[in-house]
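With our numbering, the residue at position 383 of the sequence shown is 682, and numbering never jumps. All remarks here apply to the structure that follows.
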Amino acid sequence: MLDSKNSIGWGYLPDEILIQIFTFLPIKSIIICTSVSKTWKSLIQNPTFISTHLRHSHNKNQNLFLLSVSRNDKQVYTLHKEDDDDPDFIEYTSFDSPFHAPHLQFPYQRTYYTCGTFNGLVCVSYGLRNRTEVIFLWNPCVRKFLQLPSPDVTVDTHGASCTSFGFGFDPKTNDYKVVRILSMLGPLYFVKSRPVVDVYSLSTGEWRILSASASLPLICAVTSCWPPAFANGALHWIAVTNDKQFVLVFDLRDEVFRQILLPELPGKMMWTRLSVYGNSIAGFEITRGIDQMTQINIWVMKEYGVASSWTPIFTADFAFGEATLRPIGFRRNGDAVFVFGEGKLVSWNPESKEFKDFRMISDHDPFIDSYIESLVLLDKAANVAVTY
300 MLDSKNSIGW GYLPDEILIQ IFTFLPIKSI IICTSVSKTW KSLIQNPTFI STHLRHSHNK
360 NQNLFLLSVS RNDKQVYTLH KEDDDDPDFI EYTSFDSPFH APHLQFPYQR TYYTCGTFNG
420 LVCVSYGLRN RTEVIFLWNP CVRKFLQLPS PDVTVDTHGA SCTSFGFGFD PKTNDYKVVR
480 ILSMLGPLYF VKSRPVVDVY SLSTGEWRIL SASASLPLIC AVTSCWPPAF ANGALHWIAV
540 TNDKQFVLVF DLRDEVFRQI LLPELPGKMM WTRLSVYGNS IAGFEITRGI DQMTQINIWV
600 MKEYGVASSW TPIFTADFAF GEATLRPIGF RRNGDAVFVF GEGKLVSWNP ESKEFKDFRM
660 ISDHDPFIDS YIESLVLLDK AANVAVTY
């Protein structure tokens, strides 16, 4: 309940009643209400109401999925509603990316990455591959974004070869965090030393470098540009030493790293990325045989954190030169999502073993994750967050 001495509102309703009404309105209607009066705007932009609305959104179980695809070098974001009674991937709404708006003088004709999403916020980065220059936190529902300050540690100052970002939420401090890993690589991607890790906190608006006490392995690197999987309050990357790959886990609450072993199989195998799978994670792996065949495998960790519980759920073989499947994530119902050939999006049901065509094409491998509508960032002042 908000602490307010005034109870002036629509029809002289108390603030408490207005808050209950606002909580059940669609996001667009709530935004319109901020223009009705200063009293309404103050109620809606109050951080306590934003938290109340977020809890309501979680309880409502919206079953929304965010899909980001690239078309003609323009990033397109769409929300899809997934109902148990309707297996189709129906578009619920779409968002215009503000990062292409002509009034924003961005010199960012470079690579566009979606680093993650949580509680309605989307983390977006611009820059060259493995050399990100600008990072944003964006809430498309309230049409607001903020640009993160530049970290003191850069690729140039530390000679790092790769940068990788992760985004998630710390429930202990009720804070959103962006984690950046700068990996030090030599010729032929030889790992030279311990990475440099810094963390941005939305509550403080600042970056800080993690100390060696964070238990980061001495010699390792994160070389993939794919976003990590955020599950159970932790970020999960595919990391590499000079002789093996493993899952590098960073707990956002304690800000400590740990490792999870990956299955080791015969052949020239390579783990490409991780994805959230229910309350656990899944790994995507490619094995190249001497017979010019490529095998795509999906492994699921049945019991989170237990390396012995890795279980294969999907395998497909392709001859050299054939159009291949590239796994990118999972739908809420457990269907695996792939990019097929030159950009066609399809899903695969592990029970029926059948594929479903989304009838969508992307120029590059898209980003897909569950999504919840929220008012996060609505309380940020104009000198902090940009409204477009």
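For glycine and all other residues, C-beta sits at the position ideal for the given N, C-alpha and C.
Taking 3 residues as the minimum length, the beta strand (DSSP E) runs contained wholly in the stretch 480 to 532 are 495 to 500, 505 to 508, 528 to 530, in order along the chain. Annotation: the continuous alpha helix (DSSP H) that includes C332 extends over 326 to 332. When secondary structure is reduced to three states using DSSP, K652 falls in the coil class, being assigned neither helix nor strand.
Within the DSSP bridge table, the entry for I667 names L366 as partners. The three-state secondary structure of Y603, taken from DSSP, is coil. A Cβ-Cβ separation of about 6 Å places D678 in contact with I349 under the 8 Å criterion. Proximity to H663 across S356, S369, P346 peaks at S369, based on C-alpha coordinates. DSSP places L378 in the uninterrupted beta strand (DSSP E) bounded by 373 to 382. Proximity of the stretch 540 to 554 to the stretch 507 to 526 meets the contact definition, three or more beta-carbon pairs being nearer than 8 Å. V683 and L445 do touch by the CB rule: their CB atoms are close to 6 Å apart, below 8 Å. For T472, no alpha helix (DSSP H) encloses it, and the DSSP letter there is neither H nor E.
Linking P626 to I320 through their CA atoms gives a straight-line distance of about 42 Å.
Setting aside the 5 residues that flank it on each side, R631 is surrounded in the same chain by N362, F364, E381, S669, each with a C-beta closer than 7 Å to its C-beta; the list follows chain order. Assignment of K543 by DSSP, reduced to helix, strand and coil, places it in the coil class. Residue burial annotation: P486 is exposed, with fewer than 16 other C-beta atoms found within 10 angstroms of its C-beta.
The C-alpha of T333 lies about 17 Å from the C-alpha of E672. Every unbroken stretch of the alpha helix (DSSP H) spanning 4 or more residues and falling wholly within the stretch 330 to 354 is given here in chain order: 337 to 343. If you ignore the 5 residues before and after T686, its C-beta comes within less than 7 Å of the C-beta of R442, K443, all in its own chain and listed in chain order. Between the stretch 593 to 601 and the stretch 609 to 620, the count of C-beta pairs closer than 8 Å reaches three or more; the two stretches touch. An exposed status is given to G504, since fewer than 16 other beta-carbon atoms sit within 10 Å of its beta-carbon. Look at S608 here: in three-state DSSP terms it is helix.
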